[in-house]
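S.K.:
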Amino acid sequence: MQRASRLFFAVCLAVLLAACDRAPTLPKLSPHDVIVAFGDSLTHGTGASSDTAYPAVLAALTGRTVINAGVPGDTTGTGLQRLPSVLDEYKPRLVLLCLGGNDMLRKQPEAATENNLRLLAKTIRSSGAEVVLIGVPEPKLFGGAPDFYARVAEEMRLPLEDEAFNEVLKDNRLKSDPIHANAAGYRVVAERLAERLNALLREAGAL
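My numbering puts the last residue of the sequence shown at 215; the count rises by one with no breaks.
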């Protein structure tokens, strides 16, 4: 019985350690490190003003430098093309990656979008920055974020925030049109991201 108990404890410990090893992490950030919000119109702040887009609100909430690198109409494919120049210009320590909505609107193959997200994350990491992946809901009634966001996040050990925009775009009070938030909606997204980032940075010992 004692031997069986020891074996059970060893198995549980191994599972726990493996789970911890797979847990998404963030690097320690200094107060001067740059965060880049990279995405499409949801990052740009379409439906609101530049100072109420989520990157600007996130900067105000966290006291950190957050660059808005959102381009309306961007897909994961066009994002791949412009990402290197953004990384070279701003040299971020952390990138908030929010793309995929226009891929869905244009009915591009999910497999291609998923692969592009992997390539985007790999490109960011190869620059020395880390990634937080932000999921975008499918453009349909009660559409949550597609499963490929979770697959990419799990495979690459990326922190994933896939509820913020889903919550906002289901609430007419928080939308400027069917696929964009308004100022109040972008604030909700920024607040969710601030909570998540603060938790991750505390775990990394950066707060």
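The C-beta atom is built at its ideal place from N, Cα and C for all residues, glycine as well.
Near Glu138, what residues of its chain come up, given a Cβ to Cβ distance below 6 Å and the 5 sequence neighbours on each side ignored?
M.R.: For Glu138, where only same-chain residues beyond five positions count, the Cβ hits under 6 Å are Leu34, Pro35, Leu102.
S.K.: From Glu199, Arg204, Ser134, pick the residue whose C-alpha is nearest to that of Ala64; which is it?
M.R.: The shortest C-alpha separation from Ala64 is found at Glu199.
S.K.: Where do the N-terminal and C-terminal ends of the beta strand (DSSP E) with Leu105 fall, by residue?
M.R.: It spans 102-106 - the beta strand (DSSP E) in which Leu105 sits, taken as one unbroken run.
S.K.: Could you tell me the alpha carbon to alpha carbon distance between Leu182 and Ala56, rounded to whole angstroms?
M.R.: Approximately 11 Å, taken between the alpha carbons.
S.K.: Using the three-state DSSP reduction, which class does Leu177 fall into: helix, strand or coil?
M.R.: Looking at Leu177 - three-state DSSP - the assignment turns out to be helix.
S.K.: Could you give the C-beta distance for Asn110 and Asp59, rounded to a whole number, given that I count them as a contact under 8 Å?
M.R.: Not really, about 24 Å apart at Cβ, beyond 8 Å.
S.K.: Please report the Cβ distance between Glu162 and Arg204, rounded to the nearest whole angstrom; I am assuming they are in contact, meaning their Cβ atoms lie under 8 Å.
M.R.: Rounded, the Cβ-Cβ distance is 16 Å, inconsistent with contact.
S.K.: What would DSSP say about Ser184, mapped onto helix, strand or coil?
M.R.: In the structure shown, Ser184 sits in a strand (DSSP, three-state: E or B).
S.K.: Would you call the segment 122-129 and the segment 81-99 in contact, with 3 or more CB pairs under 8 Å?
M.R.: Yes: at least three Cβ pairs fall under 8 Å.
S.K.: Among Pro167, Pro100, Gly152, Gly143, which residue has its Cα nearest to the Cα of Gly136?
M.R.: Measuring from the Cα of Gly136, the nearest candidate turns out to be Pro100.
S.K.: Give me the residue from Tyr98, Phe156, Cys106 with the minimum Cα distance to Pro117.
M.R.: Nearest of Tyr98, Phe156, Cys106 to Pro117, Cα basis: Phe156.
S.K.: Looking only at its own chain, which residues have a Cβ that is under 6 Å from the Cβ of Tyr98, when we skip the five neighbours before and after it?
M.R.: Within the same chain, Tyr98 has close Cβ partners Val42, Val44, Ile75.
S.K.: List the DSSP bridge partners of Ala77.
M.R.: Answer is Phe46.
S.K.: What three-state label does DSSP hand Glu169 in the structure shown?
M.R.: In the structure shown, Glu169 sits in a strand (DSSP, three-state: E or B).
S.K.: Excluding the 5 residues flanking Pro147 on each side, which residues of the same chain have their C-beta closer than 8 Å to its C-beta?
M.R.: The answer, listed in chain order, is Gly109, Met112, Leu113, Pro186, Ile187.
S.K.: Quickly, what does DSSP pair Val140 with across the bridge? List them, please.
M.R.: Val140 pairs with Leu104.
S.K.: Can you tell me the Cα-Cα spacing of Gly81 and His40, whole angstroms?
M.R.: Looking at the two C-alpha atoms, the distance is approximately 31 Å.
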